[in-house]
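Trainee: Here it is, the structure in full.
Numbering (the working numbering), first residue to last: 3 to 542.
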């Protein structure tokens, strides 16, 4: 206990900036921004405005002003006392963690770009325990950082300062599965891959699939409105999630855990919490509509000479494969180079500027193979596709999918990575990659693009040998201004978290953001839930 109190003293002078400090000029007002929006909302704070000593996870040259992604000043929340620890230990005995070695992993995000300084980790097992914890924290004005699998990429899943980490890792039970309707009810801490295996044994599948499926929690997926590889076929979580159980900031339990596909009685409150990133409530249980497991799955890995040909292939694919098309993903030549260089994954076809992964899933193997064969024959005859390979066996299918799913892993070996999750009109997706390469020239080590063509989602990644404040200043706000110019979204599926909160005005009108702030104030008047995230600093 003495060690805890001693370390708390150090916390009072420890403020982490999670991104390099920028000397870039403030972003100009973009024409697509709402009337009355001032670019000052995105300007860097005044020199010295932090008021305390700052530090970074990755050491770098300090500058006089932090970037818009830097952490704001700590808000006047209470600090954890021995009495608080005694209370938590009473309601969740043996699951109140203060061991620094255990806390280390929970304080750092997956990219190792954001570090918090929490000294308390709570692991409830039931909704009632979460309710008691939040009710107490609200009364004590203790900030809370909800955490699932900690696979987020925007700094939304770890503390900024000394917020209490509320982990759902032990809330991992399936509550019920209806094999007739395909409706699954489960606790929020269930790992996505575990749910997938559970359902496959019952001839069903989850409607979403992610590269992080082995670690991410379904509650975190819902809280960030994760998209993934199956969105083209099964839609977003806003459609497949039928109900939620949520504990509000004051400890009240909102039971919207419906199992009905139709319910038109009043406002659909669950939609408030889907994509809210833990800022409005803690999701404790989910009901989700699951599709039947397909009897036939085929994966084609194809090569194209240009992005225009790739788009033509996509149009032909949608027209000819129709109801059996479940995924249409792409990656560029640079991605393939990184996969080969860092992960030793071999390219199964001829070297091409662009690669496509097409997945079909249906109930009739013969029918599906005939449709896929006809599509491939026409695509290659028309020279839209120059080479390709098809897999129908599970091991080979996984091998082809790994070329798409492991790009993020390959990037981590290429240097420090700046990640952007952009939604754009489909025909504009790769233009951003091309323009960024021209804009940066030789200042970046790699500029790569991959993502979900089916829903217009580009993952733009830029690497440098080390963390480079000058490179970041060249990337931002250029990437956001470019996206806004073509009516895109600065966050397609990763959320805003800590890193992108102050850039929300590039995608949302000022009135919409203000209403978000009103909702936050109504549901969490003290602001204890995941503070410093999602909403811009001018609303915090």
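Don't be surprised by glycine CBs; every beta carbon is placed ideally from N, CA and C.
Give the secondary structure of residue 186 by DSSP, where H, G and I count as helix, E and B as strand, and everything else as coil.
Mentor: The residue you call residue 186 lines up with position 184 of the chain shown. Correct three-state label for residue 186: strand.
Trainee: Going by the DSSP bridge assignment, what does residue 166 pair with across the sheet?
Mentor: Locating residue 166 in the chain shown gives position 164, counting from the first residue. Answer is 146.
Trainee: Might you give, ordered along the chain, the residues of its own chain that have their beta carbon closer than 7 Å to the beta carbon of residue 142, omitting 5 neighbours on each side?
Mentor: Start at 1 with the first residue of the chain shown, and residue 142 comes out as number 140. Excluding its 5 nearest sequence neighbours in each direction, residue 142 has C-beta neighbours in its own chain below 7 Å: 80 and 86, listed in chain order.
Trainee: Over what stretch of residues does the alpha helix (DSSP H) that includes residue 481 continue unbroken?
Mentor: Here the question's residue 481 lines up with position 479 in the chain shown. Element bounds for residue 481: 480-487.
Trainee: Hey, could you find the ends of the alpha helix (DSSP H) residue 321 is sitting in?
Mentor: The count along the chain shown starts at 1 and reaches residue 321 at position 319. 309-323 is the span of the alpha helix (DSSP H), which, as asked, contains residue 321.
Trainee: At what residues does the alpha helix (DSSP H) containing residue 343 begin and finish?
Mentor: For the purposes of this step, residue 343 is taken as residue 341 along the chain shown, with counting starting at 1. It spans 335-345 - the alpha helix (DSSP H) in which residue 343 sits, taken as one unbroken run.
Trainee: Between residue 154 and residue 532, how many whole angstroms is the CB-CB distance? I'm expecting something under 8 Å.
Mentor: Locating residue 154 in the chain shown gives position 152, where the first residue counts as 1. Locating residue 532 in the chain shown gives position 530, where the first residue counts as 1. Between residue 532 and residue 154 the Cβ distance is about 11 Å, and since that is not below 8 Å, they are no contact.
Trainee: Per DSSP, which one or two residues make a beta bridge with residue 327?
Mentor: As a position in the chain shown, residue 327 is number 325, starting the count at 1. Paired residue(s): 362.
Trainee: Is residue 66 buried or exposed, if buried means 16 or more other CB atoms sit within 10 Å of its CB?
Mentor: As a position in the chain shown, residue 66 is number 64, starting the count at 1. Confidence in residue 66 is poor, its pLDDT being 46 and thus under 50, which makes the residue's placement unreliable; the coordinate value appears in the next sentence. Here residue 66 is exposed, its C-beta having fewer than 16 other C-beta atoms within 10 Å.
Trainee: Take the Cβ of residue 297 as the centre, count every other Cβ of all protein chains shown within 10 Å, and call the residue buried at 16 or more, exposed below.
Mentor: The residue you call residue 297 lines up with position 295 of the chain shown. Exposed.
Trainee: Going by DSSP, what residue range makes up the alpha helix (DSSP H) through residue 86?
Mentor: Residue numbering aside, residue 86 sits at position 84 when the chain shown is read from its first letter. In the DSSP annotation of this structure, the continuous segment of the alpha helix (DSSP H) that includes residue 86 starts and ends at 84-93.
Trainee: I need the straight-line Cα distance from residue 34 to residue 131, nearest angstrom please.
Mentor: For the purposes of this step, residue 34 is identified with residue 32 of the chain shown, where counting begins at 1. For the purposes of this step, residue 131 is identified with residue 129 of the chain shown, where counting begins at 1. Below a pLDDT of 50, predicted positions are generally treated as unreliable, and residue 34, at 34, falls in that range; the measurement from the model is reported next regardless. Whole-angstrom Cα-Cα distance: 46 Å.
Trainee: Use the C-beta contact count for residue 517: other C-beta atoms within 10 angstroms, 16 or more gives buried, fewer gives exposed.
Mentor: Sequence index remark: in the chain shown, residue 517 carries index 515 (1-based). So residue 517 ends up on the exposed side.
Trainee: Under three-state DSSP, which class holds residue 108?
Mentor: By one-based count along the chain shown, residue 108 stands at place 106. Reduced to three states, the DSSP call for residue 108 is helix.
Trainee: Measuring alpha carbon to alpha carbon, tell me which residue in 411, 476, 412 and 391 is nearest residue 402.
Mentor: Taking the chain shown and counting its residues from 1, one reaches residue 402 at position 400. Residue 391 is the option with its Cα nearest to residue 402.
Trainee: With three or more beta-carbon pairs closer than 8 Å as the criterion, would you say the region 318-335 touches the region 249-265?
Mentor: no
Trainee: CB-CB under 6 Å to residue 577, same chain, minus the five flanking residues each way: which ones, in chain order?
Mentor: Coverage of the chain is limited to positions 3 through 542, which leaves residue 577 absent and any answer about it impossible.
Trainee: Determine, using beta-carbon pairs with one atom in the region 406-419 and one in the region 337-353, whether at least three such pairs fall under 8 Å.
Mentor: yes
Trainee: Locate the beta strand (DSSP E) running through residue 514, then write down its first and last residues.
Mentor: Position 512 of the chain shown, counted from the start, is the residue given in the question as residue 514. Run containing residue 514: none in the beta strand (DSSP E); it sits in the alpha helix (DSSP H), 512-525.
Trainee: Please say whether residue 442 and residue 466 have beta carbons closer to each other than 7 Å?
Mentor: Here residue 466 corresponds to residue number 464 of the chain shown, with the count starting at 1. Here residue 442 corresponds to residue number 440 of the chain shown, with the count starting at 1. The answer is no: Cβ separation not under 7 Å.
Trainee: From 493, 399 and 198, pick the residue whose C-alpha is nearest to that of residue 457; which is it?
Mentor: Residue 457 sits at position 455 when you count from the first residue of the chain shown. Among 493, 399 and 198, the Cα nearest to that of residue 457 belongs to 493.
Trainee: Once the 5 residues before and after residue 377 are set aside, which same chain residues still bring their CB inside 8 Å of it?
Mentor: As a first step, residue 377 must be located in the chain shown, where it is residue number 375. The beta carbon of residue 377 lies closer than 8 Å to those of 318, 319, 322 and 323 in the same chain, with the five residues before and after it left out.
Trainee: Drop a sphere of 10 angstroms on the beta-carbon of residue 161, count the other beta-carbons inside from all chains shown, and report buried for 16 or more, exposed for fewer.
Mentor: In the chain shown, counting from the first residue as 1, residue 161 sits at position 159. Buried, by the Cβ-count rule.
Trainee: What do you get for residue 396, buried or exposed, if any count of 16 or more other CB atoms within 10 angstroms of its CB means buried?
Mentor: One-based indexing of the chain shown puts residue 396 at position 394. With fewer than 16 Cβ atoms within 10 Å of its Cβ, residue 396 is classed as exposed.
Trainee: Does the Cβ of residue 247 have 16 or more other Cβ atoms within 10 Å, making it buried, or fewer, making it exposed?
Mentor: Position 245 of the chain shown, counting from 1, holds the residue named residue 247. With 16 or more Cβ atoms within 10 Å of its Cβ, residue 247 is classed as buried.
Trainee: The alpha helix (DSSP H) that contains residue 413, what's its start and end?
Mentor: Here residue 413 is taken as the residue at index 411 of the chain shown, counted from 1. It spans 409-414 - the alpha helix (DSSP H) in which residue 413 sits, taken as one unbroken run.
Trainee: I'd like the span of the alpha helix (DSSP H) that includes residue 281, first residue to last.
Mentor: Position 279 of the chain shown, counted from the first residue, corresponds to residue 281. From DSSP, residue 281 is part of no alpha helix (DSSP H); its letter is neither H nor E.
Trainee: Consult DSSP for residue 133 and reduce its assignment to one of helix, strand or coil.
Mentor: As a first step, residue 133 must be located in the chain shown, where it is residue number 131. Correct three-state label for residue 133: helix.
Trainee: What are the start and end residues of the beta strand (DSSP E) that includes residue 244?
Mentor: Walking along the chain shown from the start, residue 244 turns up at place 242. Per DSSP, residue 244 belongs to the beta strand (DSSP E) from 243-249.
Trainee: Closest to residue 450 by CA distance: which of 370, 250, 489 and 339 is it?
Mentor: Translated into the one-based positions of the chain shown, residue 450 becomes position 448. It is 339 whose Cα lies nearest to the Cα of residue 450.
Trainee: Rounded to whole angstroms, what is the Cα-Cα separation between residue 412 and residue 268?
Mentor: Taking the first residue of the chain shown as 1, we reach residue 412 at position 410. Taking the first residue of the chain shown as 1, we reach residue 268 at position 266. Each residue's alpha carbon lies about 47 Å from the other.
Trainee: Starting from residue 2, follow its DSSP beta bridges and name the residues at the other end.
Mentor: There is simply no residue 2 to check, as the chain begins at 3 and stops at 542 in what is shown.
Trainee: On the criterion of 16 or more Cβ atoms from any shown chain inside 10 Å, does residue 485 qualify as buried, or is it exposed?
Mentor: Locating residue 485 in the chain shown gives position 483, counting from the first residue. Buried, because 16 or more other Cβ atoms sit within 10 Å of the Cβ of residue 485.
Trainee: Pick out whichever of 183, 474 and 139 has its Cα sitting closest to the Cα of residue 263.
Mentor: Sequence index remark: in the chain shown, residue 263 carries index 261 (1-based). Selected option, being the one with the closest Cα: 183.
Trainee: Which residue from 163, 508, 530 and 499 puts its Cα closest to that of residue 537?
Mentor: Walking along the chain shown from the start, residue 537 turns up at place 535. For the residues 163, 508, 530 and 499, the minimum Cα distance to residue 537 belongs to 499.
Trainee: In whole angstroms, give me the CA-to-CA distance for residue 598 and residue 163.
Mentor: Summary: the structure shown does not reach residue 598, with the chain confined to residues 3 through 542, and so no result is reported for it.
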